[in-house]
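Residue numbers (our numbering): 0 to 186. First the structure, in the form of structure tokens, and then the observations on it.
Dropping the structure here:
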């Protein structure tokens with residue numbers, strides 16, 4: 000939409016089947032990142048798709064399809080000043096157990112690394128860990144926030160973790176009240 004709210008262009012961000020828009024972000028270069036969760040074919044395995052669009056024309060210049068044996072669910076996307084793409088969410092280990100997930104792609108769409116996390120106190124039994132939101136500072140440090148816990152006990156812990164641009168964990172803080180804690184947004 001233009002500042003006067005008139006439609007400039009429309010584009011369908013389509014991967015395969017059952018696409019669900021999750022988040023979008025603007026890159027430092029003025030492009031739009033659109034992220035979806037989708038099922039490939041008729042499979043119950045969920046994957047994450049990202050399209051990068053020119054904000055003026057709507058033309059797609061990059062498509063990423065993050066797939067694996069296990070389902071992935073995306074919650075948030077962001078990019079750094081170099082245009083590298085980061086997405087966070089959860090990596091399903093079974094139909095009821097997940098670990099938090101952070102993934103980086105280069106600005107050219109090449110897979111760089113992934114980091115997975117499950118809060119150690121609840122490392123046995125069905126887990127429900129996930130990163131909910133992501134921000135990146137001007138130095139390229141990646142901050143993710145979320146929560147997780149044990150499905151059996153219903154206890155959850157909220158956490159914020161800091162990663163370097165190369166994926167090394169450089170800081171972590173857990174917020175625990177022995178209740179149903181979670182962090183949904185950071186800014």
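For every residue, glycine included, the Cβ atom is placed at its ideal position computed from N, Cα and C.
Report task. Round the Cβ separation of residue 140 and residue 171 to the nearest angstrom and send it over; I've been treating them as touching at under 8 angstroms. Result -> Separation of the CB atoms of residue 140 and residue 171 is rounded to 13 angstroms, and the pair is thereby denied contact status at 8 angstroms.
Query - C-beta atoms of residue 133 and residue 144 nearer than 9 angstroms - result: Yes, these two residues count as a Cβ contact at 9 angstroms.
Query raised in the report: Should residue 57 be labelled buried (16 or more other beta-carbon atoms within 10 Å of its own) or exposed?
Result: By the beta-carbon neighbour count (other beta carbons within 10 angstroms, threshold 16), residue 57 is exposed.
**Report entry** Per-residue burial, residue 88 [other beta carbons within 10 Å of its own, 16 or more giving buried]
**Finding:** With 16 or more Cβ atoms within 10 Å of its Cβ, residue 88 is classed as buried.
Report task. Pick helix, strand or coil for residue 49, following the three-state DSSP scheme. Result -> Residue 49 sits in a strand when the DSSP states are folded into three classes.
**Report entry** residue 147 beta carbon less than 9 angstroms from that of residue 98
**Finding:** Yes, they are a contact pair.
Report task. Note the first and the last residue of the continuous beta strand (DSSP E) segment covering residue 74. Result -> Counting along the chain, residue 74 sits inside the beta strand (DSSP E) bounded by residues 71–78.
**Report entry** Closest by C-alpha distance to residue 156, when choosing among 173, 165, 142
**Finding:** Comparing Cα-Cα distances from residue 156 to each of 173, 165, 142, the minimum goes to 173.
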